[in-house]
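Sequence order for the protein chains is A and B. Be aware that the first sequence starts at 1, since it is given in the UniProt record's numbering, and climbs by one per residue. Be aware that the second sequence starts at 1, since it is given in the UniProt record's numbering, and climbs by one per residue. Ideal Cβ placement from N, Cα and C applies to all residues, glycine included. Since the model is a prediction, treat every value here as computed from it, not as a measurement.
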Amino acid sequence: MAPPSLRILLPAALVVLAAASLLVGVGDAGGPEILLASRVPRTLALILAGAGMAVAGVIMQLVAQNRFVEPSTAGTAESATLGMLLVTLLAPGAPVVVKMLAATASALAGTVLFLRILRAMPLRARLTVPLVGIMLGGVVGAASTFIAYRNDMLQFLGTWQAGDFSTVLRGRYELLWLAALLTLAAYAMADRITIAGLGRDAAINLGLDHRRVVAAAIAIVAMITAVTIATVGAIPFLGLVVPNLVAMVAGDNLRRSLPLVAASGAGLLLLCDVLGRVIRFPYEIPVGTMMGVVGSALFLVLLLRRDSRHA
Amino acid sequence: MIETRDLTRRYGDTVVVDGVSLRMPERAFVSVIGANGAGKSSVLSMISRLLPMSAGRAFVDGLDVSATPGDVLARRLGILRQEHGVTARVTIRDLVAFGRYPHSKGRLTEADRARIADALAFLDLEPLAERFLDEVSGGQRQRAYIAMVLAQDTDCILLDEPLNNLDMRHAAAMMGLLRRAVDERGRTIVAVLHDINFASCYSDQIVAMRDGKVVAVGPPEEIVTPEVLRAVYGIDVEVVTVKGYRTVFFYR
Numbered sequence: 001m002a003p004p005s006l007r008i009l010l011p012a013a014l015v016v017l018a019a020a021s022l023l024v025g026v027g028d029a030g031g032p033e034i035l036l037a038s039r040v041p042r043t044l045a046l047i048l049a050g051a052g053m054a055v056a057g058v059i060m061q062l063v064a065q066n067r068f069v070e071p072s073t074a075g076t077a078e079s080a081t082l083g084m085l086l087v088t089l090l091a092p093g094a095p096v097v098v099k100m101l102a103a104t105a106s107a108l109a110g111t112v113l114f115l116r117i118l119r120a121m122p123l124r125a126r127l128t129v130p131l132v133g134i135m136l137g138g139v140v141g142a143a144s145t146f147i148a149y150r151n152d153m154l155q156f157l158g159t160w161q162a163g164d165f166s167t168v169l170r171g172r173y174e175l176l177w178l179a180a181l182l183t184l185a186a187y188a189m190a191d192r193i194t195i196a197g198l199g200r201d202a203a204i205n206l207g208l209d210h211r212r213v214v215a216a217a218i219a220i221v222a223m224i225t226a227v228t229i230a231t232v233g234a235i236p237f238l239g240l241v242v243p244n245l246v247a248m249v250a251g252d253n254l255r256r257s258l259p260l261v262a263a264s265g266a267g268l269l270l271l272c273d274v275l276g277r278v279i280r281f282p283y284e285i286p287v288g289t290m291m292g293v294v295g296s297a298l299f300l301v302l303l304l305r306r307d308s309r310h311a
Numbered sequence: 001m002i003e004t005r006d007l008t009r010r011y012g013d014t015v016v017v018d019g020v021s022l023r024m025p026e027r028a029f030v031s032v033i034g035a036n037g038a039g040k041s042s043v044l045s046m047i048s049r050l051l052p053m054s055a056g057r058a059f060v061d062g063l064d065v066s067a068t069p070g071d072v073l074a075r076r077l078g079i080l081r082q083e084h085g086v087t088a089r090v091t092i093r094d095l096v097a098f099g100r101y102p103h104s105k106g107r108l109t110e111a112d113r114a115r116i117a118d119a120l121a122f123l124d125l126e127p128l129a130e131r132f133l134d135e136v137s138g139g140q141r142q143r144a145y146i147a148m149v150l151a152q153d154t155d156c157i158l159l160d161e162p163l164n165n166l167d168m169r170h171a172a173a174m175m176g177l178l179r180r181a182v183d184e185r186g187r188t189i190v191a192v193l194h195d196i197n198f199a200s201c202y203s204d205q206i207v208a209m210r211d212g213k214v215v216a217v218g219p220p221e222e223i224v225t226p227e228v229l230r231a232v233y234g235i236d237v238e239v240v241t242v243k244g245y246r247t248v249f250f251y252r
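This is the structure:
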């Protein structure tokens, strides 16, 4: 159950952070042109991407039955990046939507591969699962780097690998609304994903087509990841930290917790981006870097708390 | 009603279940006993479509389980296997509510809520209903899962080692509850049990398996004998009657 205070506090915090994001930055904040062309799109992009990645994380964790899995620890993000790279290389003039679709297909393939490897593994200790994902991601990432290096595209690769919202402008982020649609789609199947989180046997017992639910769920995850990487670049840790924090307070029944996950994801990403903008003002620290620092610290706290509780 | 015909499961050259044909009585408590690896769990898993069969067929209320849609079967047959480390953090009430999913598809009616409340009460879980599964003891968690299959309201319930991780007191209480579910609610319960004495004291029928085959089927009086148990487990035991129940001494 979500404590009632959370239902008031969270939206309030979100509004404050969004306002801060609109006000903070170089240039005259009062100028309507800057506001409309840059600040509003940036803030919206942060909210959409933050909510989307957090939702992708919780779906991944339930489907893979592991609390430490998210797109960047399951090979999903790296595979999406490889897809982006390949399509940019082969069809440089293709519209963003086509590139995004290629990235989605590639992300899907990578995630399926990850789940296949998991299924073939005889022993699935809690922490080896994300390790396998990180290794898979490492291999895919190395392939991307090699290809990019040979084709003089390392700079492109950098923009996808490190999330950064400083370049978000009107007309260049709208694809992210797809992430919002996908979040709604996930909400529509909230019960089924939660039941899948109870395990294959329990899901089949309750009459679910377990394979189909898992397939639909990872399709949503792959697409959210691809859209995010195609527009603003990879955002690490968000999908790991937010679902774990929300689960601690409100549990995993997605019907109830998914809105909290989405709102918290948006809030945390907004916070990291605003902090990144003020710390070395007028320069910026990319949100990917901020998220890496804040996220890994939060994650460490989480790990220590979790283990002490389960000991 | 549960029926199997020549149920077989192979892994490569290894036959785990070898032509099992059974007809389970209705409104009865049936125990499946046998040594480790005798194929007990595999039989349950195939009847409940968790494991595809290599050959043979299984029927629930006359429906072929390999050809019946999962959600249709879910309203007639419930199965519970030992869960190892479930990740999802849900409350006991939510878990039991998911038992209604085959009927409600997520939209709980008043009738669904009544079933959920009833299942929680039956297993004495009301005070714990809002607790998360990872915040209760193993025995309480086990009860929560049983409450879920009871809320599912199926005529047949298959349980794979429902006494696992339960101490003497909780194991006896669990068996009492399951017996009541049969006597008071007319359910058919088929349970894999390792404790021969529980099987003897509570069952209407015992199915004894060895090496993938059924070696004996019958009421406890016929199965709990030194001869049959030697054939099933390969050890010599002494059978004593205590308070009218046949119990087995095999400890030394």
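- Assigned with DSSP and collapsed to three states, residue 116/B falls in helix.
- With respect to the 7 Å criterion, residue 139/B and residue 170/B are classified as neighbours on the basis of their beta carbons.
- Within the segment 55–93 of chain B, the complete alpha helix (DSSP H) segments of 4 residues or longer fall at 70–73, listed in chain order.
- Burial is judged here by how many other beta carbons sit within 10 angstroms of a residue's own beta carbon; residue 153/B has at least 16 and is buried.
- Chain A places a beta carbon closer than 7 Å to that of residue 89/B, counting this residue as a contact.
- Of the residues 38/A, 192/A, 194/A, 53/A, the one whose Cα lies closest to the Cα of residue 269/A is 53/A.
- Three or more beta-carbon pairs separated by less than 8 Å link the segment 143–160 of chain B to the segment 67–85 of chain B, which places the two stretches in contact.
- The C-alpha of residue 50/A is placed about 16 Å away from the C-alpha of residue 293/A.
- Assigned with DSSP and collapsed to three states, residue 127/A falls in coil, not helix or strand.
- In the same chain as residue 42/B, and ignoring 5 residues on each side of it, the C-beta atoms closer than 7 Å to its own belong to 9, 16, 17, 51, in chain order.
- Under the Cβ criterion (8 Å, minimum of three pairs), the segment 52–72 of chain B does not count as touching the segment 229–242 of chain B.
- At least one CB atom of chain B sits nearer than 7 Å to the CB of residue 199/A.
- Contacts between residue 251/A and chain B, judged by CB atoms closer than 7 Å, involve 89, 90, 91, 132 in chain order.
- Using a Cβ-Cβ cut-off of 7 Å, residue 247/A counts as an interface residue toward chain B, since at least one Cβ of chain B sits closer than that to its own.
- Residues of the segment 97–122 of chain B with a Cβ closer than 7 Å to any Cβ of chain A, in chain order: 98, 101, 102, 106.
- For residue 71/B, at least one C-beta of chain A is nearer than 7 Å to its own C-beta.
- Nearest C-alpha to residue 48/A among 217/A, 129/A, 165/A, 104/A: 165/A.
- In terms of beta-carbon proximity, residue 62/A lines the interface with chain B, with at least one pair separated by less than 7 Å.
- At least one C-beta of chain B is nearer than 7 Å to the C-beta of residue 205/A.
- Here residue 272/A has 287, 290, 291, 294 as same chain residues with Cβ atoms under 7 Å from its own Cβ, once five neighbours each way along the sequence are excluded.
- Within 9 Å of the CB of residue 194/A, the CB atoms of chain B belong to 88, 90, 94, 98, in sequence order along the chain.
- Proximity of chain A to residue 78/B at the Cβ level (cut-off 8 Å) is accounted for by 205, in chain order.
- Going by C-alpha positions, residue 115/B is about 17 Å away from residue 128/B.
- Within chain A, the C-beta atoms nearer than 7 Å to that of residue 74/B come from 205, 206, 207, in chain order.
- The beta-carbon distance between residue 186/A and residue 227/A, rounded to whole angstroms, is 14 Å. This is too long to meet the 8 Å contact definition.
- Of the candidates 205/A, 218/A, 163/A, the residue whose Cα lies closest to the Cα of residue 284/A is 163/A.
- In the DSSP annotation of this structure, the continuous segment of the beta strand (DSSP E) that includes residue 209/B starts and ends at 205–210.
- Here DSSP, grouped into helix, strand and coil, assigns residue 83/A to helix.
- Looking at 252/A, 39/A, 150/A, the one whose alpha-carbon comes closest to that of residue 22/A is 39/A.
- Under a 10 Å Cβ-count criterion, residue 249/B is classified as exposed, with fewer than 16 other Cβ atoms of the shown protein chains found around its own Cβ.
- Looking at the DSSP output, residue 2/B sits in a beta bridge with 60/B.
- A distance of 7 Å or more separates the beta carbons of residue 58/B and residue 198/A.
- A straight-line Cα-Cα distance of about 12 Å links residue 215/B and residue 40/B.
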